[in-house]
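Written below as structure tokens is the structure these notes are about.
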Amino acid sequence: MTFPQIAAFARTADGSPSPVRSIAGQGTQLTRSGHYIEYDEVNDEIMVANAFAQAILFFRGGATGKEAPIRVLMGPKTQIQSPDFGLAIDKVNDEIYVTEHTRILVFPRTANGDVPPIRILEGPKTELENPYGTAAVRGIGVDPIHNVIVVTSYFQNRGRILIFDRTASGNTAPIRRIAGPRTGISGSSYSVRLHPPKGWILDPIGSGIGVWSVYDSGDIPPLYLLVNAAAGEEEGGGGEDGGSGLGSRFTFNPKTKELYNNRGSIIETFSFPEIF
Amino acid sequence: MENKTLRSRQSAKAVAALALLGSLAAGLLYGGSWLVAAAQAQSSQSAPSSPPSSSVKRPIRLSRAPMRVIRNEGAIFSAVGVDPIRNEIIMADEGENRIMVYDRLADTPPNARMTEPKRILQGRNTMIQDNCAIYVDPVTGEIYSPSADTSHNMAIFSRDAKGNVKPDRVLKTPHRPFGIAADEVAQELFLATQWPAAVFVYRKGAEGREAPLRILEGKNTQLSGSMGIALDTKNQELYVANWGSTSDVKEGMSYSDLPVYGEGIYRSWENADQLQQFFRRRMVPGSGRITPPAILVFDLKAKGNVAPKRIIQGSNTQLDWPQHMFMDMDRREVYVANSMDNALLVFRGTDSGNAAPLRVIKGPKTEINTPLGVFFDAKNQEVIVSNWGNHRAVVFKQGTSGDIAPLRRIRSAPEGTGSPMISHLGAMGYDTKRDEILAFQ
């Protein structure tokens, strides 16, 4: 990841094509070490973070080249410290979520410049803290149909999924937890994705991508386990972000029932019609 | 009581109706089975929603091979070094986590598919990972390979190492280094880190958890997303390229204040990821800022929180994501791989302020495409540029300027091969409007 860019490839691309467009360069205010991207299909925007500058960047959906972001959320009032591991857009309620080690900041989706969060979820009851290690909260997703946010986190250095009411604020406990040895969750992935129409939580685990329901609770295996048949056994598991075989960085397209996965320096497209 | 009950029922219905409306809106936006989604949301008002059937045996395993694969064909070169004694060009291919060694005079014929390297270092044993830079010892030929992100190991190999071999030694580095350079007189190794931005100086033969000799860091340094480094040991100056994104470190939590490795409560942080998380918490929330790109010039022995002697910055400089740099000490010129301008910039070592480059090598004939690496070969009076964008390195005579064809090129893929330029992606997205996969690195 020496050279940062947002590269767009045709969905059906195969082989070694150049990107159809690439957002890169000084004017974009991007920098290295980006770990999250989300496309907002309602507002046709792209959201990423610049972790070094503690900023959230919003680009026009069709941005290309050295195009500047249309909004930059940055400054002392934001309280943003390390924003790029967990970000989520709520396109229905027009809010964005930023995970920050042991808490979650919520901003208006159109926030620009130096603005404070409108909600902060933090405190011992949230179980977002991890006194046993340095890492706590990682990935986040928002499901406005079921009105929940889903967070991946560490506790006692084991990975967990926490489910909160979408508007939870302050020192509020999660409404459900998915954790335990039967879940297969070992790390805390920032790649967690939600599919609200089905109420799915897709979270990388040691051996692939686990698919849970937002209604699941406790020490319960995923309903589905998606595995990369082309990856070697040694690639299937372990690591903080789940298996390198499938799930360390991924997203999906429910319309074509495809899942797009990054493994090392390749992008793989899979078909999983069963879960969509 | 009946009125209250009636009002309660009416209130409950109103709440339920509003919830239904909200979920209907959400469902419409998501398309698909919005009616089902709305019904589920409504039912949650009175009782917990139904989970999936408990009779289903979990998990249902779905194992698939990919239908399509996008990958780099050919190398994406992040850095280049030259062994002038043995006449070899050594390059880092970050896409495949490998080091490729070529004959210095190799020149890929136009009709050839590619030039085969003489040696390749690659494999799990090598510890080569996210290899962003290369340093080649001009006397011993040793190859130094730091890791830009996922590893804290700089692997050092003997000059004839090849295949999947362990490094001869490993130096534990801070997180996220990029530029590397050596003071051959003092036998010191310089390493720039991007965030928190700093320059670490080690004994050149350092290994294991050996502490740096000195650290250049702090707000006064104006180091900000530090990338390439160049040294002028004749004039005792250090050049550092800035990209401009940074935030402040909390009081008492600078690199110099903390033991990076080994002592006290930090001893358990062996895991690179945990160390990274710790470093992120060192920053002052909301202190982030983005400044224009620059080249900062310091005394070679600078340490601590000292200001640069000179700053090259401004629109005339043409700097646009400056990557690696290299010094021609005899002429006191600094070469800069200007990645987003597809150019090699040459500045005077004494430049300051909004200075235009002395020379610019740029244009379609040059075959420079997203240059990341640069090396000035003083012995042969040539400058080599390694490209991220078109699978090749190109060689120019010293003094070249303008849109001039290279003397030689080393190509690692057939001419015209596309270049996804993907390496260790950070995240994936999908653009529903344009039917595009978004890859963020």
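Heads up: the sequence lines are chains F and G, in that order. In terms of my numbering, the first sequence has 101 at position 101, counting the first letter as 1, and numbering is strictly consecutive. In terms of my numbering, the second sequence has 395 at position 395, counting the first letter as 1, and numbering is strictly consecutive. For every residue, glycine included, the Cβ atom is placed at its ideal position computed from N, Cα and C.
C-alpha gap between residue i and residue j, whole angstroms
{"i": "residue 95 (chain F)", "j": "residue 322 (chain G)", "result": "35 Å"}
{"i": "residue 156 (chain G)", "j": "residue 59 (chain G)", "result": "45 Å"}
{"i": "residue 204 (chain G)", "j": "residue 223 (chain G)", "result": "23 Å"}
{"i": "residue 6 (chain F)", "j": "residue 43 (chain F)", "result": "18 Å"}
{"i": "residue 375 (chain G)", "j": "residue 64 (chain F)", "result": "31 Å"}
{"i": "residue 410 (chain G)", "j": "residue 370 (chain G)", "result": "15 Å"}
{"i": "residue 228 (chain G)", "j": "residue 345 (chain G)", "result": "13 Å"}
{"i": "residue 302 (chain F)", "j": "residue 210 (chain F)", "result": "No information on residue 302 (chain F) is available, as it lies outside the stretch 1 to 276 that chain F covers here."}
{"i": "residue 105 (chain G)", "j": "residue 12 (chain F)", "result": "40 Å"}
{"i": "residue 18 (chain F)", "j": "residue 385 (chain G)", "result": "21 Å"}
{"i": "residue 171 (chain G)", "j": "residue 212 (chain G)", "result": "11 Å"}
{"i": "residue 266 (chain G)", "j": "residue 258 (chain G)", "result": "A caution first: residue 266 (chain G) carries a pLDDT of 46, below 50, which makes its placement in the model too unreliable to give a value."}
{"i": "residue 141 (chain F)", "j": "residue 192 (chain F)", "result": "7 Å"}
{"i": "residue 216 (chain F)", "j": "residue 61 (chain G)", "result": "18 Å"}
{"i": "residue 207 (chain F)", "j": "residue 429 (chain G)", "result": "22 Å"}
{"i": "residue 89 (chain F)", "j": "residue 188 (chain G)", "result": "48 Å"}
{"i": "residue 215 (chain G)", "j": "residue 67 (chain F)", "result": "36 Å"}
{"i": "residue 396 (chain G)", "j": "residue 145 (chain G)", "result": "25 Å"}
{"i": "residue 313 (chain G)", "j": "residue 377 (chain G)", "result": "26 Å"}
{"i": "residue 92 (chain F)", "j": "residue 357 (chain G)", "result": "50 Å"}
{"i": "residue 118 (chain G)", "j": "residue 383 (chain G)", "result": "21 Å"}
{"i": "residue 205 (chain F)", "j": "residue 213 (chain F)", "result": "15 Å"}
{"i": "residue 257 (chain F)", "j": "residue 198 (chain G)", "result": "46 Å"}
{"i": "residue 135 (chain G)", "j": "residue 246 (chain G)", "result": "26 Å"}
{"i": "residue 183 (chain F)", "j": "residue 10 (chain F)", "result": "35 Å"}
{"i": "residue 432 (chain G)", "j": "residue 40 (chain F)", "result": "9 Å"}
{"i": "residue 16 (chain F)", "j": "residue 53 (chain G)", "result": "43 Å"}
{"i": "residue 279 (chain F)", "j": "residue 85 (chain F)", "result": "With chain F covering only 1 through 276, there is no way to say anything about residue 279 (chain F)."}
{"i": "residue 243 (chain F)", "j": "residue 354 (chain G)", "result": "Because the pLDDT at residue 243 (chain F) is just 42, under 50, the model does not fix this residue reliably, and the value given afterwards should be weighed accordingly. If you take the alpha carbons of residue 243 (chain F) and residue 354 (chain G), they lie about 48 Å apart."}
{"i": "residue 127 (chain G)", "j": "residue 98 (chain G)", "result": "10 Å"}
{"i": "residue 36 (chain G)", "j": "residue 276 (chain F)", "result": "Only weak support exists for where residue 36 (chain G) lies, its pLDDT of 39 falling under 50; the value from the coordinates is given anyway. One C-alpha to the other measures close to 14 Å."}
{"i": "residue 74 (chain G)", "j": "residue 266 (chain F)", "result": "13 Å"}
{"i": "residue 176 (chain G)", "j": "residue 129 (chain G)", "result": "12 Å"}
First through last residue of the beta strand (DSSP E) which encompasses residue i
{"i": "residue 365 (chain G)", "result": "Segment: none, residue 365 (chain G) is in no beta strand (DSSP E) and carries neither H nor E."}
{"i": "residue 122 (chain G)", "result": "119 to 122"}
{"i": "residue 204 (chain F)", "result": "200 to 205"}
{"i": "residue 249 (chain G)", "result": "Where residue 249 (chain G) is concerned, there is no enclosing beta strand (DSSP E), given that its DSSP letter is neither H nor E."}
{"i": "residue 397 (chain G)", "result": "392 to 397"}
{"i": "residue 103 (chain F)", "result": "103 to 108"}
{"i": "residue 171 (chain F)", "result": "It is not in any beta strand (DSSP E) - residue 171 (chain F) carries neither H nor E in the DSSP assignment."}
{"i": "residue 278 (chain F)", "result": "Lying before the first or after the last residue shown, residue 278 (chain F) is absent from chain F, which here runs from 1 to 276."}
{"i": "residue 266 (chain F)", "result": "266 to 271"}
{"i": "residue 63 (chain G)", "result": "60 to 64"}
{"i": "residue 79 (chain G)", "result": "77 to 83"}
{"i": "residue 128 (chain F)", "result": "Per DSSP, residue 128 (chain F) belongs to no beta strand (DSSP E) and is neither H nor E."}
{"i": "residue 194 (chain F)", "result": "193 to 195"}
{"i": "residue 90 (chain F)", "result": "87 to 90"}
{"i": "residue 261 (chain F)", "result": "258 to 263"}
{"i": "residue 428 (chain G)", "result": "427 to 431"}
{"i": "residue 120 (chain F)", "result": "119 to 121"}
Identity of the residues DSSP links to residue i by a beta bridge
{"i": "residue 143 (chain G)", "result": "G:136, G:157"}
{"i": "residue 218 (chain F)", "result": "F:178"}
{"i": "residue 172 (chain G)", "result": "G:153"}
{"i": "residue 72 (chain G)", "result": "Answer by DSSP bridge pairing: none, since residue 72 (chain G) is not bridged."}
{"i": "residue 177 (chain G)", "result": "G:193"}
{"i": "residue 162 (chain F)", "result": "F:151, F:177"}
Closer than 6 Å: residue i CB and nearest the ligand ATP heavy atom
{"i": "residue 248 (chain F)", "result": "The ligand ATP is not part of the structure shown, which contains no ligands of any sort."}
Next on the checklist: In chain order, what are the residue ranges of uninterrupted beta strand (DSSP E) at least 3 long that sit wholly in the stretch 305 to 384 of chain G?
Outcome noted: 310 to 312, 322 to 328, 333 to 338, 343 to 348, 359 to 362, 371 to 377
Next on the checklist: Please give the ranges of any beta strand (DSSP E) in the stretch 185 to 237 of chain G, keeping only runs that are unbroken, at least 3 residues long and fully inside the region.
Outcome noted: 188 to 194, 197 to 203, 214 to 217, 226 to 232
Next on the checklist: Going residue by residue through the stretch 86 to 115 of chain G, where are the continuous beta strand (DSSP E) segments of at least 3 residues, counting only ones entirely within it?
Outcome noted: 88 to 93, 98 to 103
Checklist entry - With a cut-off of 8 Å, do at least 3 Cβ pairs link the stretch 299 to 317 of chain G to the stretch 58 to 71 of chain F? => result no
Checklist entry - Taking three-plus beta-carbon pairs below 8 Å as touching, is the stretch 247 to 255 of chain G in contact with the stretch 331 to 341 of chain G? => result With contact defined as three or more Cβ pairs closer than 8 Å, the stretch 247 to 255 of chain G and the stretch 331 to 341 of chain G are not in contact.
Item to check | the stretch 164 to 172 of chain F / the stretch 144 to 153 of chain F touching (three or more Cβ pairs under 8 Å) | outcome: yes
Next on the checklist: Quick check for students: name the residue ranges of the beta strand (DSSP E) that lie wholly in the stretch 7 to 76 of chain F, counting only runs of 3 or more.
Outcome noted: 21 to 23, 37 to 40, 45 to 50, 55 to 60, 71 to 73
Item to check | Three or more C-beta pairs below 8 Å linking the stretch 107 to 116 of chain G and the stretch 152 to 171 of chain G | outcome: The stretch 107 to 116 of chain G, when compared against the stretch 152 to 171 of chain G, does not touch it at the 8 Å Cβ threshold.
Checklist entry - Between the stretch 308 to 319 of chain G and the stretch 345 to 354 of chain G, are three or more C-beta pairs nearer than 8 Å? => result yes
Item to check | Inter-stretch contact at 8 Å, needing at least 3 Cβ pairs: the stretch 84 to 99 of chain G / the stretch 244 to 252 of chain F | outcome: no
Next on the checklist: Is it the case that the stretch 183 to 200 of chain G contacts the stretch 157 to 169 of chain G, given that we only count it when at least three CB pairs across the two stretches are under 8 Å?
Outcome noted: Taking a contact to require three or more Cβ pairs closer than 8 Å, the stretch 157 to 169 of chain G and the stretch 183 to 200 of chain G do not qualify as touching.
Checklist entry - Would you say the stretch 51 to 65 of chain F touches the stretch 118 to 126 of chain F, given that touching needs at least three Cβ pairs under 8 Å? => result no
Next on the checklist: With three or more C-beta pairs closer than 8 Å as the rule, is the stretch 413 to 426 of chain G touching the stretch 360 to 368 of chain G?
Outcome noted: Look at the beta carbons and you see the stretch 360 to 368 of chain G not touching the stretch 413 to 426 of chain G: under three pairs across the two are nearer than 8 Å.
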